[in-house]
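Quick note: the sequence shown uses the working numbering, first residue 300, plus one each step. Backbone N, C-alpha and C define an ideal beta-carbon position, used for all residues, glycine too. See below for the structure under consideration.
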Amino acid sequence: ICGVPYAALPMATAMSLESYIPLIIKRKEAKSYGTKKLIEGIYQKGQNCLLVEDVITSGKSLLETIPEIEQEDLKVSDIVVVLDREQGGKQLLEGKGYRVHTLFNISEVCDILQETGELSDEEVKRIQDFLQGNHIQFEEETRSSYEQKLETAQHSVSKKLLETALAKQSNLIASADVTTTQELLELAEKVGPHVIALKTHIDIISDFDYEKTITPLKAIAAKHQFLLMEDRKFADIGNTQELQFTSGVFKITNWADFVTSQVIGGFESLDCFKNVGVVAIVGMSSKGALTTASYREEALKVALSHPNVIGGVSQNKIPEDLLLFTPGVNLADSGDGKGQQYNTPEHVFKTLHTDFIIVGRGIYKSDDPEASAITYKTEGWNAYINSLDKKTIQG
């Protein structure tokens with residue numbers, strides 16, 4: 300349970316004490332000492348959080364609170380409000396998929412006070428006239444289209460990804476988490492026509508041979524017009540990363556169009572990726588990941604400032620200047636029992652403004668990987684198109 304700061308905190312505290320459900324406290328600003336956290340309390344990532352608010356007018360305070368709670372990998376689906384002023388805030392939140400439970404609305408309060416003689420008929424009419432004349436209209440925040448992002452894209456890989464997405468009407472990246480060359484090439488051939496990129500973990504291929512693995516893989520990519528994304532998650536000092544990138548048996552620099560990299564080594568550690576795009580690991584989709592809100596904030600600073608970076612991997616919304624790659628997308632499962640948390644295409648495009656979805660088990664473990672790829676391609680594209688619609692919500 301969390302009370303929206305700060306008026307609802309006493310109510311949330313009372314509810315927590317009465318129900319024996321843990322309370323978390325959300326600060327308006329993190330302190331510069333102590334834990335330095337915005338969210339204080341004992342909780343586990345993936346748990347549901349009930350929000351409590353005293354009064355809802357525009358819903359602004361809730362809209363400021365929800366993302367900060369969700370950044371801690373807590374789920375918000377229900378909100379309890381004591382009084383709804385009937386000026387549009389409830390409708391706005393319901394339009395975003397949240398269930399809003401109100402104890403009273405302002406009309407009911409006026410009726411009760413009128414019946415008990417606390418308000419005159421004239422006073423009630425003045426209140427009603429005020430409410431009718433002060434409905435708040437909201438335009439839902441929408442994401443930039445691929446065409447708009449293509450106009451401002453600076454990196455050649457960003458442009459190629461966006462052009463491929465538009466040409467194929469697909470935003471699907473298939474994750475090839477297989478362990479043999481045959482499995483890799485067969486999967487690439489089956490899903491190739493439907494994806495914009497194939498994500499590899501080349502170091503798990505047990506029978507890797509450059510000429511037998513990479514050469515035919517590049518040919519399949521050229522045939523079906525998709526890019527190759529090596530999910531190496533580089534995480535070292537710049538010199539070591541450069542050797543890992545250019546040398547050894549994999550010679551990633553010779554074939555990958557873009558790679559993933561942690562930014563824990565700092566800005567200069569990304570300088571070695573000169574001929575490819577870099578997708579910064581801002582957050583991970585596994586339960587209990589240590590990519591906290593403060594780490595994500597620092598990682599984004601590096602990602603936004605480095606010219607080699609084209610986007611970020613994250614379970615949270617990131618600035619529009621970066622392309623957002625969201626893993627852990629699955630239509631069927633909410634998790635795999637090993638800490639992996641899944642999202643649906645509709646959620647990640649509408650809520651996170653994702654650009655590209657990364658799908659692994661939902662495709663390569665399917666009985667028919669090609670059919671599954673087509674399904675994810677269709678669902679992903681429809682979710683993207685729907686996320687472009689700008690709706691006006693009126694209370």
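* Asked: Okay, do the segment 529-540 and the segment 503-510 touch, 3+ Cβ pairs below 8 Å being the bar?
  -> In short, these stretches do not touch, since the Cβ pair count stays below three.
* Look at the alpha carbon of Gly388 and the alpha carbon of Glu328, and state the distance between them as a whole number of angstroms. => In the sequence shown, counting from the first residue as 1, residue 388 sits at position 89. In the sequence shown, counting from the first residue as 1, residue 328 sits at position 29. For the pair Gly388 and Glu328, the Cα-to-Cα distance works out to about 23 Å.
* Asked: Would the beta-carbon of Pro309 fall within 8 Å of that of Gly340?
  -> Walking along the sequence shown from the start, residue 309 turns up at place 10. Walking along the sequence shown from the start, residue 340 turns up at place 41. The answer is no: Cβ separation not under 8 Å.
* **Buried versus exposed, by CB contacts within 10 Å (16 or more), Glu596** => Reading the sequence shown from its first residue, position 297 is the one you call residue 596. Its Cβ having fewer than 16 others within 10 Å, Glu596 is exposed.
* **Pairwise C-alpha distance: Asp570 and His605** => As a first step, residue 605 must be located in the sequence shown, where it is residue number 306. As a first step, residue 570 must be located in the sequence shown, where it is residue number 271. Approximately 8 Å between the Cα atoms of the pair.
* Leaving aside the five residues before and after Ser671 along the sequence, list all residues of the same chain whose C-beta is less than 7 Å from its C-beta, in chain order. => Looking up residue 671 in the sequence shown gives position 372. Excluding residues within five positions, the ones whose Cβ falls inside 7 Å are Gly661, Ile662 and Ser665.
* Please name the residue, chosen from Val351, Glu678 and Val494, that lies closest to Tyr397 on a Cα-to-Cα basis. => Counting from 1 along the sequence shown, the entry for residue 397 is found at position 98. Among Val351, Glu678 and Val494, the Cα nearest to that of Tyr397 belongs to Val351.
* Would you call the CB atoms of Gln386 and Ile323 closer than 8 Å? -> Working through the sequence shown from its first residue, we reach residue 386 at position 87. Working through the sequence shown from its first residue, we reach residue 323 at position 24. No. Outside cutoff.
* Own chain, CB closer than 8 Å to Asn553, minus 5 neighbours either side, in chain order -> The sequence position of residue 553 within the sequence shown is 254, counting from 1. Cβ neighbours of Asn553 within its own chain (closer than 8 Å, five residues either side excluded): Ile513.
* Taking Lys532 as part of the alpha helix (DSSP H), name the residues at either end of that continuous run. => As a position in the sequence shown, residue 532 is number 233, starting the count at 1. For Lys532, no alpha helix (DSSP H) encloses it; the enclosing beta strand (DSSP E) starts and ends at Leu526 to Phe533.
* Asked: By DSSP, does Phe557 sit in helix, in strand, or in coil?
  -> In the sequence shown, residue 557 corresponds to position 258, counting from 1. If DSSP states are grouped into helix, strand and coil, Phe557 belongs with the strands.
* **Residue interval of the beta strand (DSSP E) (run including Ala473)** => Counting from one through the sequence shown, the residue named residue 473 turns up at place 174. Annotation for Ala473: the continuous beta strand (DSSP E) segment containing it runs Leu471 to Ala475.
* Would you list, in sequence order, the uninterrupted beta strand (DSSP E) runs of no fewer than 3 residues that lie entirely inside the segment 386-428? => Whole beta strand (DSSP E) segments, 3+ residues: 398-404.
* Continuous alpha helix (DSSP H) assignments of at least 4 residues falling wholly in the segment 315-393 -> Listed in chain order, the alpha helix (DSSP H) elements of length 4 or more contained wholly in the segment 315-393 are 359-369.
* Comparing alpha-carbon positions, which option in Leu687, Ser686 and Glu678 lies nearest Ser469? -> Within the sequence shown, numbered from 1, the residue matching residue 469 stands at position 170. In terms of CA proximity to Ser469, Glu678 leads the group Leu687, Ser686 and Glu678.
* Identify, in the order they occur along the chain, each residue of the same chain with its Cβ nearer than 6 Å to the Cβ of Ser443, setting aside the five sequence neighbours on each side. => Counted from its first residue, the sequence shown places residue 443 at position 144. Shown here for Ser443: same chain residues with a beta carbon closer than 6 Å to its own, the five before and five after excluded, namely Glu619 in chain order.
* For Leu516, does the three-state DSSP call read helix, strand or coil? -> Your numbering for residue 516 matches position 217 in the sequence shown. DSSP places Leu516 in the helix class (H, G or I) of the three-state scheme.
* Thinking just about the alpha-carbon of each residue, which of Asp410, Asp476 and Val601 is nearest to the one in Ser568? -> Position 269 of the sequence shown, counted from the start, is the residue given in the question as residue 568. Proximity to Ser568 across Asp410, Asp476 and Val601 peaks at Val601, based on C-alpha coordinates.
* To do: Over the uninterrupted alpha helix (DSSP H) stretch that includes Ala592, give me the two end residues.
  => For the purposes of this step, residue 592 is taken as the residue at position 293 of the sequence shown. Segment Ala592 to Ser604, the alpha helix (DSSP H) holding Ala592.
* Could you tell me if Gln640 is buried or exposed, where buried requires 16 or more neighbouring beta carbons within 10 angstroms of its beta carbon? => For the purposes of this step, residue 640 is taken as the residue at position 341 of the sequence shown. At Gln640 the pLDDT is 47, less than 50, meaning the model places this residue with poor confidence; the figure from the coordinates comes in the next sentence. Looking at its Cβ environment, which holds 16 or more other Cβ atoms inside 10 Å, Gln640 is buried.
* Is the beta carbon of Asn642 less than 8 Å from the beta carbon of Gly659? -> Mapped onto the sequence shown, residue 642 falls at position 343. Mapped onto the sequence shown, residue 659 falls at position 360. No. Outside cutoff.
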